[in-house]
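Have a look at the structure below before the remarks.
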Amino acid sequence: MIPSFDAAKAELRKAGNRNPGPWTQHSMNVAEAARLIAARCDGLDEEKAFVFGLLHDIGRRAGVVAKRHIWEGYRYLTELGWEEAARICLTHSFPVKDIDKDISRDDLEDSERESIRSFLSEITYDDYDKLIILCDSLADARGFCLLEKRFVDVGRRYGLPAFTLERWNQTFAYKEYFEEMAGIGLYELLPNVRVSTFEPSPVWTPERREVSTDTEQGGKL
Ligand SMILES: [Fe+2]
Numbered sequence: 004m005i006p007s008f009d010a011a012k013a014e015l016r017k018a019g020n021r022n023p024g025p026w027t028q029h030s031m032n033v034a035e036a037a038r039l040i041a042a043r044c045d046g047l048d049e050e051k052a053f054v055f056g057l058l059h060d061i062g063r064r065a066g067v068v069a070k071r072h073i074w075e076g077y078r079y080l081t082e083l084g085w086e087e088a089a090r091i092c093l094t095h096s097f098p099v100k101d102i103d104k105d106i107s108r109d110d111l112e113d114s115e116r117e118s119i120r121s122f123l124s125e126i127t128y129d130d131y132d133k134l135i136i137l138c139d140s141l142a143d144a145r146g147f148c149l150l151e152k153r154f155v156d157v158g159r160r161y162g163l164p165a166f167t168l169e170r171w172n173q174t175f176a177y178k179e180y181f182e183e184m185a186g187i188g189l190y191e192l193l194p195n196v197r198v199s200t201f202e203p204s205p206v207w208t209p210e211r212r213e214v215s216t217d218t219e220q221g222g223k224l
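If you use the working numbering, the sequence shown corresponds to residues 4 to 224, in order.
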């Protein structure tokens, strides 16, 4: 079952009250990007795309968590009977479908990590998995911006492990895939990309990275 727009929005509001941070506005922007792209693609449902975007980071309701937010979100939405949205909680962090190719701090229990590993190995990404992965990188809390800017922002906060290029290239491939399907460049489709791209980013120094609670409350913004 897929939640209604109102139900999804209510869950995001509740989660934001439990763990306030820029991650809720980021989720709204991911949802809007997904809706705008889906509306241009035959066979994609814009409301479903919007709801998946709203809920992809819902695991942050659990508090200050890193990789764990994907598991918390999956578990919570599964309990609510929203399995399709729960799946997005698990897939959205992995442009490359491999649990070992994620950049955030690993705060999972061994059994949880193994559950995610086997879940990922058994599925093939559908268009909604790909869409939310892409939109997660196209939207921050301020709006929509170039993938390149998001990649550098995230890299400065989390570092650049060896598989970084593979993640970037896969995300660019998803962008090209949806541009082909939508028949338009995504930077033309999403409003104000130029404005939010050129807005100055906060400076993330190594010392600032130690302030992990702020960063993790926001997620990979
Ligand atoms: Fe996100």
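Even glycine gets a Cβ: it sits at the ideal position worked out from N, Cα and C.
Bear in mind the structure is a predicted one, so any value in this text is a computation, not a measurement.
Listed as beta-bridge partners of ALA142 by DSSP are PHE147.
The three-state secondary structure of GLU50, taken from DSSP, is helix. Counting the other CB atoms within 10 Å of its CB gives THR127 a total below 16, which places it among the exposed residues. When secondary structure is reduced to three states using DSSP, LEU93 falls in the helix class.
In the structure shown, ILE187 falls within a coil segment according to DSSP collapsed to helix, strand and coil. By the Cβ rule, the segment 135–155 counts as touching the segment 83–98, because three or more pairs are nearer than 8 angstroms. Residues TYR77, LEU80 and THR81 of the same chain have their beta carbon placed closer than 6 angstroms to that of ALA89, with the five preceding and five following residues left out of the count.
Taking non-hydrogen atoms of ligand 1 into account, the C-beta of SER118 is found less than 8 angstroms away from none of them. With respect to ILE91, PHE55 sits close: the two C-beta atoms are nearer than 9 angstroms. By the neighbour-count criterion, in which 16 or more other beta carbons inside 10 Å mark a residue as buried, GLY24 falls on the buried side.
If the five residues before and after ALA37 are omitted, its C-beta is found closer than 7 angstroms to the C-beta atoms of ALA52, PHE53, PHE55, GLY56, LEU134, ILE135 and CYS138, all from its own chain and listed in chain order. In terms of Cβ geometry, ASP109 and ARG120 do not form a close pair [threshold 9 angstroms].
Excluding its 5 nearest sequence neighbours in each direction, ARG145 has C-beta neighbours in its own chain below 7 angstroms: SER199 and GLU202, listed in chain order. By the Cβ-count criterion, LEU168 is exposed, with fewer than 16 other Cβ atoms from all chains shown falling within 10 Å of its own Cβ.
Between the C-alpha atoms of ASP105 and CYS148 there is a straight-line separation of about 21 angstroms. DSSP, read as helix, strand or coil, puts LEU193 in coil.
Looking at the backbone, the Cα of TRP85 and that of GLU50 are separated by about 15 angstroms.
By the criterion of a C-beta distance shorter than 6 angstroms, GLY66 is surrounded in its chain by ASN22, once the five residues flanking it on both sides are discounted.
Proximity to ILE102 across GLU112, LEU83 and SER124 peaks at SER124, based on C-alpha coordinates.
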